[in-house]
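J.: Take this structure first; my questions come after.
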């Protein structure tokens, strides 16, 4: 198995891309902390995955909650090798002046500040262990090729991408690799917010017309990339922004 013996934290893992990543990691031999603000959802995912998955509730915009996630990895599985910063949120697709300050602050707290907190919680442990590690930030094509109506969300994902590049440079001497997966729109719980309109076949078709391969991303698509970026086979890969987008950013 590609991740045999590895310990991972996956945030936002109660559903969508995070649940897909957690499932793929367990299938490849990893032991996984399934972290989500929706603790009941995280418990359901972990229960389905078996004894090599443990759930924890928590808000990634809280430093204390991120520290608790790392501590749980140590207490449950003895260490940490992989951190997937997947948890994210958005404001509804609408004119930029209609986004409230509270919406703006929440988007940046969950999408950007969470990486700050998780880095502070996990990097000292990864350094102490001395065996390197893989940090995977889930960005978005929105940070590469923005869509109108999502200005502040686009900016948060642009920050994720820039942070990824800078982290990769700074942590390379510790053999801690940092990469970003950049999905195109997928059929997740946030789909209608991204579209800014009801999820109908007609409205989906408008978005699919902008994706050359003609479909949305799936949890399996994102999970396959997350497995590869955590796999020792990608040991010389750091500082990349990997679009999983069916050609959207080409």
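Residue numbers (my numbering): 83 to 332.
All C-beta atoms, glycine included, are put in the ideal place defined by N, C-alpha and C.
#1: Please classify residue 318 as buried or exposed, where buried requires at least 16 neighbouring CB atoms within 10 angstroms.
#2: Could you check where the alpha helix (DSSP H) with residue 236 kicks off and where it finishes?
#3: Where do the N-terminal and C-terminal ends of the beta strand (DSSP E) with residue 306 fall, by residue?
#4: Tell me which same chain residues have a C-beta within less than 7 Å of the C-beta of residue 120, skipping the five on either side of it?
#5: Express the C-alpha separation of residue 105 and residue 127 in angstroms, rounding to a whole number.
#6: Going by C-alpha distance, which of 238, 134 and 250 is nearest residue 86?
#7: Could you please give me the residues that DSSP links to residue 222 through a beta bridge?
#8: Is residue 90 helix, strand or coil when you go by DSSP?
#9: In angstroms with no decimal places, state the Cα-to-Cα distance between residue 91 and residue 186.
#10: First and last residue of the alpha helix (DSSP H) that includes residue 202?
#11: Quick check: the Cα distance between residue 230 and residue 174, rounded to an integer number of angstroms?
#12: Could you check where the alpha helix (DSSP H) with residue 283 kicks off and where it finishes?
#13: Flag this pair as yes or no: are the beta carbons of residue 167 and residue 197 separated by less than 8 Å?
#14: Within 10 angstroms of its Cβ, does residue 331 collect 16 or more other Cβ (buried), or is it exposed?
#15: According to DSSP, simplified to helix, strand and coil, what is residue 100?
#16: Secondary structure at residue 321, three-state DSSP: helix, strand or coil?
#17: Measuring CB to CB, does residue 172 end up less than 8 Å from residue 272?
#18: Between residue 301 and residue 98, what straight-line distance do the alpha-carbon atoms span, to the nearest angstrom?
#19: Measure the alpha-carbon distance for residue 258 versus residue 295 and round it to whole angstroms.
#20: Please specify which runs of the alpha helix (DSSP H), each continuous and at least 4 residues long, are wholly inside the segment 144–186, giving them in chain order.
#21: Quick one: what's got a C-beta closer than 7 Å to residue 117's C-beta in the same chain, skipping five residues either side?
#22: Kindly list the residues whose CB is nearer than 6 Å to the CB of residue 303, restricted to its own chain and excluding five residues on each side of it in sequence; keep chain order.
#23: Hey, would you say residue 291 sits closer than 8 Å to residue 268, going by beta carbons?
#24: Can you check whether the CB of residue 262 is closer than 8 Å to the CB of residue 242?
#25: Can you check which of these residues, 232, 287 and 163, is closest to residue 206 by C-alpha distance?
T.: Here's the rundown:
#1: Residue numbering aside, residue 318 sits at position 236 when the chain shown is read from its first letter. Exposed is the call here.
#2: Within the chain shown, the letter at position 154 stands for residue 236. Residues 233–253.
#3: Counting from one through the chain shown, the residue named residue 306 turns up at place 224. Careful: residue 306 lies outside any beta strand (DSSP E), inside the alpha helix (DSSP H) at 301–312.
#4: The residue you call residue 120 lines up with position 38 of the chain shown. Result list for residue 120: 96, in chain order.
#5: Here the question's residue 127 lines up with position 45 in the chain shown. Here the question's residue 105 lines up with position 23 in the chain shown. The alpha-carbon atoms of residue 127 and residue 105 are separated by roughly 8 Å.
#6: Position 4 of the chain shown, counted from the start, is the residue given in the question as residue 86. For residue 86, the nearest C-alpha among the options comes from 134.
#7: Taking the first residue of the chain shown as position 1, residue 222 is located at position 140. Answer is none; residue 222 lacks a bridge partner.
#8: Residue mapping note: residue 90 aligns to position 8 of the chain shown, counting from 1. The answer is strand: DSSP assigns residue 90 an E or B state.
#9: To locate residue 91, count along the chain shown from 1; it is residue 9. To locate residue 186, count along the chain shown from 1; it is residue 104. About 26 Å.
#10: In the chain shown, counting from the first residue as 1, residue 202 sits at position 120. Residues 196–211.
#11: Along the chain shown, read from residue 1 onward, the residue named residue 230 stands at position 148. Along the chain shown, read from residue 1 onward, the residue named residue 174 stands at position 92. Cα-Cα distance, rounded: 11 Å.
#12: The count along the chain shown starts at 1 and reaches residue 283 at position 201. 283–290 is the span of the alpha helix (DSSP H), which, as asked, contains residue 283.
#13: Numbered from its first residue, the chain shown carries residue 167 at position 85. Numbered from its first residue, the chain shown carries residue 197 at position 115. Taking 8 Å as the Cβ cut-off, residue 167 and residue 197 qualify as a contacting pair.
#14: Taking the first residue of the chain shown as position 1, residue 331 is located at position 249. By the 10 Å Cβ count, residue 331 comes out exposed.
#15: Indexing the chain shown from 1 puts residue 100 at position 18. Three-state DSSP puts residue 100 in a helix.
#16: Walking along the chain shown from the start, residue 321 turns up at place 239. DSSP places residue 321 in coil when its eight states are reduced to three.
#17: One-based indexing of the chain shown puts residue 172 at position 90. One-based indexing of the chain shown puts residue 272 at position 190. Result yes, Cβ atoms of residue 172 and residue 272 sit closer than 8 Å.
#18: Residue numbering aside, residue 301 sits at position 219 when the chain shown is read from its first letter. Residue numbering aside, residue 98 sits at position 16 when the chain shown is read from its first letter. C-alpha separation (whole angstroms): 6 Å.
#19: Position 176 of the chain shown holds residue 258. Position 213 of the chain shown holds residue 295. The alpha-carbon atoms of residue 258 and residue 295 are separated by roughly 33 Å.
#20: 145–159
#21: Locating residue 117 in the chain shown gives position 35, where the first residue counts as 1. If we look at residue 117 and ignore the five residues flanking it on each side, its Cβ neighbours are 91, 92, 93, 95, 124, 138, 140 and 151.
#22: As a position in the chain shown, residue 303 is number 221, starting the count at 1. Excluding residues within five positions, the ones whose Cβ falls inside 6 Å are 326.
#23: On the chain shown, position 209 is the one that residue 291 refers to. On the chain shown, position 186 is the one that residue 268 refers to. Result no, Cβ atoms of residue 291 and residue 268 do not sit closer than 8 Å.
#24: Here residue 242 refers to the residue found at position 160 of the chain shown. Here residue 262 refers to the residue found at position 180 of the chain shown. For residue 242 and residue 262, yes; Cβs fall inside 8 Å.
#25: Here residue 206 refers to the residue found at position 124 of the chain shown. Selected option, being the one with the closest Cα: 163.
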